[in-house]
Structure formats: structure tokens, C-alpha cells
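Visitor: At position 112 of the sequence shown (counting the first as 1) the number is 112 in UniProt numbering, and the numbers step up by one without a gap.
Think of the CB as a built atom: it goes at the ideal place given N, C-alpha and C, for glycine as much as any other residue.
Computed from a predicted model, the values in this text were never measured in an experiment.
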Amino acid sequence: MTEADEPVDPSEVGEQDAPPVEEKPYKIIFEANKCFGAGKCAEVSTNWSLDLDTGIAKPKTYFFGEAELDHNVKAAEVCPAKKDRGVIHVVDRRTDEEIAPDPDGDGTLSVDW
Numbered sequence: 001m002t003e004a005d006e007p008v009d010p011s012e013v014g015e016q017d018a019p020p021v022e023e024k025p026y027k028i029i030f031e032a033n034k035c036f037g038a039g040k041c042a043e044v045s046t047n048w049s050l051d052l053d054t055g056i057a058k059p060k061t062y063f064f065g066e067a068e069l070d071h072n073v074k075a076a077e078v079c080p081a082k083k084d085r086g087v088i089h090v091v092d093r094r095t096d097e098e099i100a101p102d103p104d105g106d107g108t109l110s111v112d113w
């Protein structure tokens, strides 16, 4: 098996270009291919917008600090895609634990790739 054949670890996504963890301890992993454009995220978070041309939501930033945590968590929790499990994942970069939506309640990443 080559490196290209190995599954991607979701906690590694975006880290090569990320700001320091101390500055932005949280990140979003967004399964855009499963977004169906309900727009709930954009209703509750200033970080999210719904592109009316594509029908796909989009975050303004993927890395953020404590001040932006609550509304990004809310966006993840209200997302109805992926059979009510959501496609927006808020991850604590310090521990690689999923804060939201955390459907299994154990902090493991619920990304479905």
C-alpha cells in the first residue's frame, strides 16, 4: 500500500498551513460533499455563509480561537445533513477531540470519509 492509498486522518487535515495551536486552538473539518444547503449554519454563526449559486455552505475561516467557539459549535449542532449527524465538525486541535457534533459522545471524530 502506498502513502497515497492510505486513509486520510481527519485530525491532520489543514495542519500544514495552520496557525499556531496557541493562537487558534480550534478548527473546522467540513464535509462539503455532503452539504445539501439547508443554511442552518449560516443562521446561527457569523463564520458561515450559504452560497446561493452552489447551495453549499462555507466557513470564512477554518481555524479560530475561544471567542468564536460557541457559534461554530452551534453551527455544527444545527446542521441537519448526514442523517442528523452533521457535516460540520469542530475539533480541539490540542487534543484532536471532536467538540461538536460528537454524536457518539466520546470525542472521536465522526468524519465519514
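Check for me: the beta strand (DSSP E) holding L50 runs from which residue to which?
Guide: 48–51
Visitor: Could you name the residues that DSSP lists as bridge partners for I28?
Guide: V90
Visitor: E98 and V87: beta carbons closer than 8 Å?
Guide: no
Visitor: Mind checking residue 128: buried by the 16 CB within 10 Å criterion, or exposed?
Guide: Residue 128 cannot be examined here, being either before or after the span of the chain that is shown, 1 to 113.
Visitor: Could you check what DSSP says for E98 in three-state terms: helix, strand or coil?
Guide: strand
Visitor: Confirm, please, whether the CB-CB distance from I28 to N72 is below 8 Å.
Guide: yes
Visitor: Would you decide whether K83 is buried or exposed? Buried here means 16 or more other CB atoms lie within 10 Å of its CB.
Guide: exposed
Visitor: Could you please give me the residues that DSSP links to A57 through a beta bridge?
Guide: Beta-bridge analysis with DSSP links A57 to L50.
Visitor: Note down the Cα distance separating E22 from L109, rounded to an integer number of angstroms.
Guide: 21 Å
Visitor: How would you write the range of the alpha helix (DSSP H) that C41 sits in, first residue to last?
Guide: Taken as a continuous stretch (DSSP letters only), the alpha helix (DSSP H) holding C41 covers 40–44.
Visitor: Would you call the CB atoms of A38 and A75 closer than 8 Å?
Guide: no
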